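Undergrad: Starting off with a structure, shown below.
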Amino acid sequence: MDNQETQLFSHKQLAASCFNKVWDFLDKEILSAEEKEEMIHLCHSSFWHWTQVENHTEQNISIGYWQLSRIYTVVGQGENALGYAKRCITIGKEASLDPFYIGYGYEAAARSYSVLKQFDMCQEMMQQAYDCVEKITDIENRKLLLNDLNTIST
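Numbering-wise (my numbering), the sequence shown opens with residue 768 and increments by one.
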């Protein structure tokens, strides 16, 4: 294995490791201020490492933007969350990703608007997400998105 292969593997491994550690925080009911800060740093680290993987895909980036949006809603930073949700939607549409990923972009936007207490926009994004649900052919993916949509306060 040459140096480039080692570096690519390392970035991919670090990206996945940080991504999974973020989920450990997201699965907790209550986060301390220190845990929230660590979660933010881990999520940005995961995203950056994915961008360094030479063969990363738009899907990888879309998922990274989605996770960034989610963590910012958890810590109550709706504007930051919305910015990443919009990036998730944009890359999903531009890359013609599966409706599952575009739908999750709208889910992230709806959740962001909920945090911002902009409930009309939240409802609009929810409808966009539900429109994507109708186009998802994989039943399990459809259920995942619907379950997450049902957790958003409107």
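Heads up, the beta-carbon is just placed ideally off N, CA and C, and yes, glycines get one too. Please read all numbers here as calculations on a predicted model, not as lab measurements.
(1) Look up Gly843 in the DSSP assignment and say whether it is helix, strand or coil.
(2) Does the count of Cβ pairs from the region 791–798 and the region 814–833 closer than 8 Å reach three?
(3) Out of curiosity, what's the CA-to-CA distance linking Ser863 and Ile869?
(4) Rounding to the nearest angstrom, what Cα-Cα distance links Phe786 and Ser813 in this structure?
(5) Quick check: the Cα distance between Ser879 and Asn822, rounded to an integer number of angstroms?
(6) What would DSSP say about Glu901, mapped onto helix, strand or coil?
(7) Based on Cα-Cα distance, which residue from Gln819, Thr824, Leu835, His778 lies nearest to Glu805?
(8) With a threshold of 16 other CB atoms inside 10 Å of the CB of Thr840, please say whether the residue is buried or exposed.
(9) If you reduce the DSSP assignment to three classes, tell me which class Leu864 lands in.
(10) Thinking just about the alpha-carbon of each residue, which of Gln819, Leu809, Ile906 is nearest to the one in His778?
TA: Quick answer:
(1) The count along the sequence shown starts at 1 and reaches residue 843 at position 76. Secondary structure of Gly843 (DSSP, three-state): coil.
(2) Flag = no, the region 791–798 and the region 814–833 do not touch.
(3) In the sequence shown, counting from the first residue as 1, residue 863 sits at position 96. In the sequence shown, counting from the first residue as 1, residue 869 sits at position 102. Straight through space, the alpha carbons of Ile869 and Ser863 are spaced by roughly 9 Å.
(4) Within the sequence shown, the letter at position 19 stands for residue 786. Within the sequence shown, the letter at position 46 stands for residue 813. Going by the C-alpha atoms only, they are around 5 Å apart.
(5) As a position in the sequence shown, residue 879 is number 112, starting the count at 1. As a position in the sequence shown, residue 822 is number 55, starting the count at 1. When rounded, the distance between both Cα atoms is 30 Å.
(6) Within the sequence shown, numbered from 1, the residue matching residue 901 stands at position 134. In the structure shown, Glu901 sits in coil (DSSP, three-state: anything other than H, G, I, E or B).
(7) By one-based count along the sequence shown, residue 805 stands at place 38. Ranked by how close their Cα comes to the Cα of Glu805, the residues Gln819, Thr824, Leu835, His778 have Leu835 in first place.
(8) By 1-based counting over the sequence shown, the position of residue 840 is 73. A buried status is given to Thr840, since no fewer than 16 other beta-carbon atoms sit within 10 Å of its beta-carbon.
(9) Locating residue 864 in the sequence shown gives position 97, counting from the first residue. Under the three-state reduction of DSSP output, Leu864 falls in the coil class, being neither helix nor strand.
(10) One-based indexing of the sequence shown puts residue 778 at position 11. Nearest Cα to His778 within the set Gln819, Leu809, Ile906: Gln819.
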